[in-house]
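Residue numbers (the numbering used here), protein chains in the order written: chain A, 1 to 237; chain B, 238 to 474; chain C, 475 to 711; chain D, 712 to 948; chain E, 949 to 1185; chain F, 1186 to 1422. We put the beta carbon where it would ideally sit given N, CA and C, even for glycine. Note that this is a predicted model, so its numbers are computed, not measured.
Protein chains: 6
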Amino acid sequence: MLTDTTREKLKTVSTATLSTALFKRGLRNQFIQDVRPLKHKGRNMVGEAFTLRYIPAREDLNRIEVFQNRAHPQRKAVEECPPGAVFVIDSRKNPRAASAGSILVTRLMVRGVAGIVTDGGFRDSPDIAELAIPAYHNRPSAPTNLTHHQALDINVPIGCGDVPVWPGDVVVGDGEGVIVVPAHLADEIADEAVEMTAFEDFVTEEVLKGRSILGLYPATEDRTKADFAAWRAAKGR
Amino acid sequence: MLTDTTREKLKTVSTATLSTALFKRGLRNQFIQDVRPLKHKGRNMVGEAFTLRYIPAREDLNRIEVFQNRAHPQRKAVEECPPGAVFVIDSRKNPRAASAGSILVTRLMVRGVAGIVTDGGFRDSPDIAELAIPAYHNRPSAPTNLTHHQALDINVPIGCGDVPVWPGDVVVGDGEGVIVVPAHLADEIADEAVEMTAFEDFVTEEVLKGRSILGLYPATEDRTKADFAAWRAAKGR
Amino acid sequence: MLTDTTREKLKTVSTATLSTALFKRGLRNQFIQDVRPLKHKGRNMVGEAFTLRYIPAREDLNRIEVFQNRAHPQRKAVEECPPGAVFVIDSRKNPRAASAGSILVTRLMVRGVAGIVTDGGFRDSPDIAELAIPAYHNRPSAPTNLTHHQALDINVPIGCGDVPVWPGDVVVGDGEGVIVVPAHLADEIADEAVEMTAFEDFVTEEVLKGRSILGLYPATEDRTKADFAAWRAAKGR
Amino acid sequence: MLTDTTREKLKTVSTATLSTALFKRGLRNQFIQDVRPLKHKGRNMVGEAFTLRYIPAREDLNRIEVFQNRAHPQRKAVEECPPGAVFVIDSRKNPRAASAGSILVTRLMVRGVAGIVTDGGFRDSPDIAELAIPAYHNRPSAPTNLTHHQALDINVPIGCGDVPVWPGDVVVGDGEGVIVVPAHLADEIADEAVEMTAFEDFVTEEVLKGRSILGLYPATEDRTKADFAAWRAAKGR
Amino acid sequence: MLTDTTREKLKTVSTATLSTALFKRGLRNQFIQDVRPLKHKGRNMVGEAFTLRYIPAREDLNRIEVFQNRAHPQRKAVEECPPGAVFVIDSRKNPRAASAGSILVTRLMVRGVAGIVTDGGFRDSPDIAELAIPAYHNRPSAPTNLTHHQALDINVPIGCGDVPVWPGDVVVGDGEGVIVVPAHLADEIADEAVEMTAFEDFVTEEVLKGRSILGLYPATEDRTKADFAAWRAAKGR
Amino acid sequence: MLTDTTREKLKTVSTATLSTALFKRGLRNQFIQDVRPLKHKGRNMVGEAFTLRYIPAREDLNRIEVFQNRAHPQRKAVEECPPGAVFVIDSRKNPRAASAGSILVTRLMVRGVAGIVTDGGFRDSPDIAELAIPAYHNRPSAPTNLTHHQALDINVPIGCGDVPVWPGDVVVGDGEGVIVVPAHLADEIADEAVEMTAFEDFVTEEVLKGRSILGLYPATEDRTKADFAAWRAAKGR
């Protein structure tokens, strides 16, 4: 379970920093590849993964009428995704048809969902870009999802942008992209990332003052450690 | 022939909505893949397709001197494209050399052409982005078109971004991308898309008020139909 | 050696114009493919290439501890790159892990380096976009470079975006992308590009006034040559 | 249920002919893309699809020890796949690690399974090529599947080579590749394909004798229909 | 016009040697990329290009019935291609549907056509592989061409595998692939390639005897020139 | 240094088995991707890596005359590669021009080199396929290497097919592909692979007799261990 404390911490760190923390634990492949924010609003997206799995569409099973069925997994998933979760779609990295459009994304936003990610593309992307819900995709894609996608499973483990996404994993998005933190590591990764961020902020200030990175980043000189301790004390971090 | 009425209607609907209308008629592949606006100005591009076909360049046939020839198909096409048309280039999805640059695009703009699309790339793309003519491409590309492209045919059927484009087809571009509506369907598709847009606008308003998409989108509940009728009456749409 | 005069000239011309000047000399492949500015600030990046070569990472040679080594080529290169140079990284067109992050790029900026280019991706890309140093990459990439890259050689000839980059070549970046001018041609290419730019500016003005491109671009009519001479006299160019 | 009659018919027709029969019914996307036989032995592979779904591997969940678990889905699936079925693996079109190796494929063969297909690659591919079980993949791949794949679900609908594969669909492979016939159409498609094959054999003979394809293929001339009727009578087909 | 003399010469040289001869004349892009023989029979394919252009298929224009039309460009082209020519298809490098199948290729063979090339794929590829006509494609592809291709133009300039192919260019295929020799250069390229082949055969013999390539290949030592002259005299070449 | 003992052991094991042994040590990326034997002759290729690095060719530096220079790195490398080594070329995964041709490969063969690998393509590939030296590439490629490649460095660390190759690493090729064993691990990996191969051979025999893989592979049942011990005793392995 994602605690409020961890959620708040993850709002203050970058996907780059989280990548390094995961790399140190042998997890090298948690950054969703080739996915970008439709429009970043400066705040991180954080939430537990709630997933939707698509398979390739067969024409006879994906006529326009299928949406008449209230149990259609795409529509059902949109109504069932918990507030605070991130809705993650496995579109098999295929952006040639949409994964979803502005009406469904608006519904997710109204329902309090924390964000939406697909390794395909969204339609109505200019509208979605203006909504107050973070959204990440590969590229805009106008064709209805029925053209190439069939929604199948709700909240099963999936792949998204070459990354394994297990329901309940903690998904974090910033202006750079989206990373998936395994559920059982979320607390410790958040803690470590907050520490690393403090150090990186300190280093950035020093570098802007003209200091060399040698001995500073990483902190191989004792002086660096002392300076950082002083900085933390001064900044209250 | 694209009528003024249909042109005006198509200025008010999205490529996503048009995709769905075409999908209902069995046309699943009319959205030009992997092409984007250099800078969207908020208005749709609408016009009949006027095409230019490139083949791979052979070095001896594509020296810098070829542009001295007034009959060079690229230059000829730019002077012949009718005002109100959309200039569509088949660049074989190759953005490694330019399809055109700012001077030619400026000339098209001055001549009243409605827009320009390539499945390759434009050079001088920062300048083109600021022109008052919509332009869509895959990515910026500085090298002269002679490097990889030889202009060959004017106004023949082509492929562009995996989509068939027949001269006279109606090309519509918005902030998402570009779709090609077969000429004989333009009027009925425009009518249907206007209707669909009204419904989608109604649905969006309802969703923003907190209404579930089940029964609403699509309108499987009678109440939805009644609400929509009332909304249309109130809005005069 | 890049002279100040040539450097200043190259700040006033586009990569598109430079591409054409190189094309005329039989150099068809100097524009770095599929690389874009993180955020273009309106000024050209110009400098001599200082290179860094990556090879694929082997896990045992690329643990997080390797950065403790002051001689690590990535860190060493960042401290050694001359002010005024452009730092160019051969990332084998692999953006799945970062080529560098904001701290190193900040250090380069503070040291007076003219810009940075990779055919991979940067991490902390939103921060880098806001720095006062031009940066070009394929796409944002949060994972630490150790994930897929091992820094190996400093200032050797490399490939970047399918282009040969020899140390000392003159690298020019604008809002469109990055081009590599062989060192021995820099002066003459700069001269020619300045001349071409004057002509293109003249042509653009004429086209905006409504003049046809036939006879104008290229200047196959005597009238064009006369008009251009008059324009130059009037403009003092 | 795949009947013996239909199975036998499908052994005598090509994936090309089946593609056309499916195309006539609006099913345009049933041929598994970019998959080939390791070594074709001249007989068709025919059987009902039994599926295995992979997602990207997370390192901590895919250590070498996981195979100690008898319930590991890859091993479990190999023991559960019914004799006569075709084992189809969704490897997300990723051949960078193996989907399976010769020991598992040998076990499938011994158990009477009709064939195996992956849109990734097999390891021990030279050995598998010599086994008496048809196998289709993208390319050889030595790395253990744990490197990039995690076996997850058994006998759920999957994608394979961009094609939807539903458990029970009838999978047919020949020297060209693999096609997926929806279960409910298997009988009628088999019947039609047998008819089409007779006609194509007749046409081939006529063409070899020097007859033009015009009027012959398709049979738009009455003479063709008469000749074919005579041929069928003579051949007893 | 391809003379019999030149045709015979081109049957004795490799596409590699022809590539070099073209490279010396500044033609760097005449080898059709990513195309291979279905089954090489040890003899070169040589003939003048006769072309067929495909564009992406629009569903309503490519129903199965279109082949009833005797004027359908694919069928018409097969009947019109001159004996001795090579039939080259521009399939836009898309092998997801067939460019042609065994019946049409058989018809071309019977009509005396010298070979067939597509940058897409053939259906019935195991049958085509056994025919006595050289055929080159990207990969086997069972789906009917109507699925993704619309035959449009006969004998116009096209692209095939990124190479410009002008009707009448001389197309040569061997076990390695296919190269396109511009018509006006065919005689001189054939002559030069025959000379180069003699030298390469001599060099190969010398290398097999243990001689170093330095001074031998290229013939920078006088001794090499003398030895080659003696070899030619002895061999009568 | 590769000992004779280790070399002989590595001739008896597969790249698949070696992949697993490396995977157990955390090395997940040592199998060269998308490279295949031109024609496998049934024996493994084994030798220490001797490398050649290519960068993209610049036209003025890669005219046909450059081969007149005896110090040209491609020619020099071919004469300097030690007998028993494997010649590995970094072609940046670009098979659009050749990495080498039959004359150079013949020279390597005569000099006793153990094999040749490129992540690009060979020209004269049908001839190379028949030589008594193992050769691996991506696909045949007739154009001279000067078209896209410039040979630069001899025996430096390189990337080949996304794998790091350090001079002296032990390169093993079989019918499946090529794997790179870090030099310091060669002995222990060879030992372990020989052991694993014995077990896999035992397992294969058992599976062919009808035994389930559960408990057998891996050997989680005591009975398996006992049976294997008996098998080894009987077989003398």
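What residues in its chain sit with their C-beta under 6 Å from that of T118/A, if we drop five residues either side in the sequence?
-> Stepping through the first sequence from its first residue, residue 118/A is reached at position 118. Once the five neighbours on either side are set aside, the close Cβ partners of T118/A are I89, S91, S99 and H137.
Does any CB atom of chain B fall closer than 8 Å to the CB of Q150/A?
-> Here residue 150/A refers to the residue found at position 150 when the first sequence is read from its first residue. It does not: the Cβ of Q150/A has no partner Cβ on chain B nearer than 8 Å.
Cα separation between I395/B and T288/B?
-> On the second sequence, position 158 is the one that residue 395/B refers to. On the second sequence, position 51 is the one that residue 288/B refers to. Annotation: I395/B to T288/B spans about 7 Å, alpha carbon to alpha carbon.
Between the segment 414-426 of chain B and the segment 255-275 of chain B, are three or more C-beta pairs nearer than 8 Å?
-> yes
Considering only the beta carbon of each residue, do G1069/E and P1043/E sit closer than 8 Å?
-> Counting from 1 along the fifth sequence, the entry for residue 1069/E is found at position 121. Counting from 1 along the fifth sequence, the entry for residue 1043/E is found at position 95. The answer is yes: Cβ separation under 8 Å.
Selected residue, minimal CA-CA separation from A65/A, among T147/A, V163/A, M45/A and V78/A = Within the first sequence, residue 65/A is the residue found at index 65, counting from 1. Rather than Ala, the amino acid found at residue 65/A in this sequence is Glu. Minimum Cα distance to E65/A is reached at T147/A.
Which of the three DSSP states, helix, strand or coil, is assigned to A901/E?
-> The requested residue 901/E is not part of the displayed model; chain E covers only 949 to 1185.
What residues in the segment 1292-1325 of chain F bring their beta carbon closer than 8 Å to a beta carbon of chain E?
-> Correct list: R1292, V1295, R1308, D1309, S1310, P1311, R1324 and P1325.
Beta-carbon proximity list for D153/A, same chain, < 6 Å, skipping 5 on both sides | In the first sequence, the residue the question calls residue 153/A occupies position 153. Cβ within range, chain order: R53.
For the alpha helix (DSSP H) that contains V1198/F, what are its first and last residues?
-> For the purposes of this step, residue 1198/F is taken as residue 13 along the sixth sequence, with counting starting at 1. No alpha helix (DSSP H) contains V1198/F, which DSSP labels as neither H nor E.
Under the DSSP definition of a beta bridge, which residues are partnered with A909/D?
-> Translated into the one-based positions of the fourth sequence, residue 909/D becomes position 198. None; A909/D has no bridge partner.
Thinking just about the alpha-carbon of each residue, which of R934/D, E932/D, A937/D and V918/D is nearest to the one in L1052/E?
-> Along the fifth sequence, one-based indexing puts residue 1052/E at 104. Among R934/D, E932/D, A937/D and V918/D, the Cα nearest to that of L1052/E belongs to V918/D.
Whole angstroms is fine: what's the gap from A1077/E's alpha carbon to L986/E's?
-> Position 129 of the fifth sequence, counted from the first residue, corresponds to residue 1077/E. Position 38 of the fifth sequence, counted from the first residue, corresponds to residue 986/E. In a straight line, the C-alpha of A1077/E is about 5 Å away from that of L986/E.
Whole-angstrom C-beta distance between D902/D and G26/A, which should lie under 8 Å = Here residue 26/A is taken as the residue at index 26 of the first sequence, counted from 1. Here residue 902/D is taken as the residue at index 191 of the fourth sequence, counted from 1. Not quite, the Cβ-Cβ distance comes to about 55 Å (not below 8 Å), so this is no contact.
R1171/E - containing alpha helix (DSSP H), residue span = Position 223 of the fifth sequence, counted from the start, is the residue given in the question as residue 1171/E. According to the DSSP assignment, R1171/E belongs to the alpha helix (DSSP H) that extends over D1170 to K1183.
Quick one: which chain A residues come within Cβ less than 7 Å of I766/D?
-> Numbered from 1 along the fourth sequence, position 55 holds the residue referred to as residue 766/D. What I766/D touches in chain A: P157, I158, G159 and P164.
List the residues of chain C that N1254/F touches, going by C-beta distances under 9 Å, in chain order.
-> Taking the sixth sequence and counting its residues from 1, the one referred to as residue 1254/F is at position 69. Neighbours of N1254/F on chain C: none; closest Cβ ~17 Å, over 9 Å.
Cβ pair count under 8 Å reaching 3, the segment 239-255 of chain B against the segment 208-225 of chain A = no
Do L688/C and V677/C have their C-beta atoms closer together than 8 Å?
-> Here residue 688/C corresponds to residue number 214 of the third sequence, with the count starting at 1. Here residue 677/C corresponds to residue number 203 of the third sequence, with the count starting at 1. No; because the gap between Cβ atoms is not below 8 Å, this pair is not in contact.
With DSSP collapsed to three states, give me the class of D1101/E.
-> The residue given as residue 1101/E occupies position 153 in the fifth sequence. Strand.
Own chain, CB closer than 7 Å to L492/C, minus 5 neighbours either side, in chain order | Locating residue 492/C in the third sequence gives position 18, where the first residue counts as 1. Setting aside the 5 residues that flank it on each side, L492/C is surrounded in the same chain by V646, I653, V655, I663 and A667, each with a C-beta closer than 7 Å to its C-beta; the list follows chain order.
Identify whether H1085/E lies in helix, strand or coil by the three-state DSSP scheme.
-> The count along the fifth sequence starts at 1 and reaches residue 1085/E at position 137. Strand, per DSSP.
From E916/D, E932/D, P854/D and A788/D, residue whose alpha carbon lies closest to that of N866/D | Position 155 of the fourth sequence, counted from the first residue, corresponds to residue 866/D. Of E916/D, E932/D, P854/D and A788/D, the residue nearest in Cα terms is A788/D.
How about P1349/F and Q542/C: do their beta carbons lie closer than 8 Å?
-> As a working mapping, residue 1349/F is identified with position 164 in the sixth sequence. As a working mapping, residue 542/C is identified with position 68 in the third sequence. No, the pair does not count as a contact, with Cβ atoms beyond the cut-off.
Does any residue of chain B bring its CB to less than 8 Å from the CB of T489/C?
-> Along the third sequence, read from residue 1 onward, the residue named residue 489/C stands at position 15. Answer yes: the Cβ-Cβ gap between T489/C and chain B drops below 8 Å somewhere.
When you compare each of P404/B, L259/B and D399/B to T1003/E by their alpha carbons, which one comes out closest?
-> Against the fifth sequence, residue 1003/E aligns to sequence position 55. The sequence given here has Ile at residue 1003/E, not Thr. Looking at the Cα atoms, D399/B is the closest of the given residues.
Roughly how many angstroms lie between the CA atoms of R1228/F and S962/E, to the nearest whole one?
-> Your numbering for residue 1228/F matches position 43 in the sixth sequence. Your numbering for residue 962/E matches position 14 in the fifth sequence. Each residue's alpha carbon lies about 29 Å from the other.
Can a CB atom of chain B be found closer than 8 Å to the CB of R1006/E?
-> The count along the fifth sequence starts at 1 and reaches residue 1006/E at position 58. R1006/E counts as touching chain B.
Cβ-based burial, T477/C [other Cβ within 10 Å; buried from 16] = Start at 1 with the first residue of the third sequence, and residue 477/C comes out as number 3. Per the 10 Å Cβ criterion, exposed.
Could you tell me which residues DSSP pairs with A574/C in its beta bridges?
-> Within the third sequence, the letter at position 100 stands for residue 574/C. Paired residues: F596/C.
Is R1213/F helix, strand or coil when you go by DSSP?
-> Taking the first residue of the sixth sequence as 1, we reach residue 1213/F at position 28. The answer is coil: DSSP assigns R1213/F none of H, G, I, E or B.
Under the rule that 16 or more other beta-carbon atoms within 10 Å means buried, what is E437/B, buried or exposed?
-> The count along the second sequence starts at 1 and reaches residue 437/B at position 200. The residue is buried, with at least 16 neighbouring Cβ atoms inside 10 Å.
What's the C-alpha gap between A142/A and A253/B?
-> The sequence position of residue 142/A within the first sequence is 142, counting from 1. The sequence position of residue 253/B within the second sequence is 16, counting from 1. Answer to the nearest angstrom: the Cα atoms are 4 Å apart.
Residue from Q548/C, P557/C and G710/C with nearest C-alpha to P218/A | Translated into the one-based positions of the first sequence, residue 218/A becomes position 218. Nearest C-alpha to P218/A: Q548/C.
Within chain A, partners of G737/D - CB distance below 8 Å = Stepping through the fourth sequence from its first residue, residue 737/D is reached at position 26. The contacting residues are E59 and D60.
Residues near G168/A by beta carbon distance below 6 Å, same chain, minus five either side | Locating residue 168/A in the first sequence gives position 168, where the first residue counts as 1. The residues are E48 and A183.
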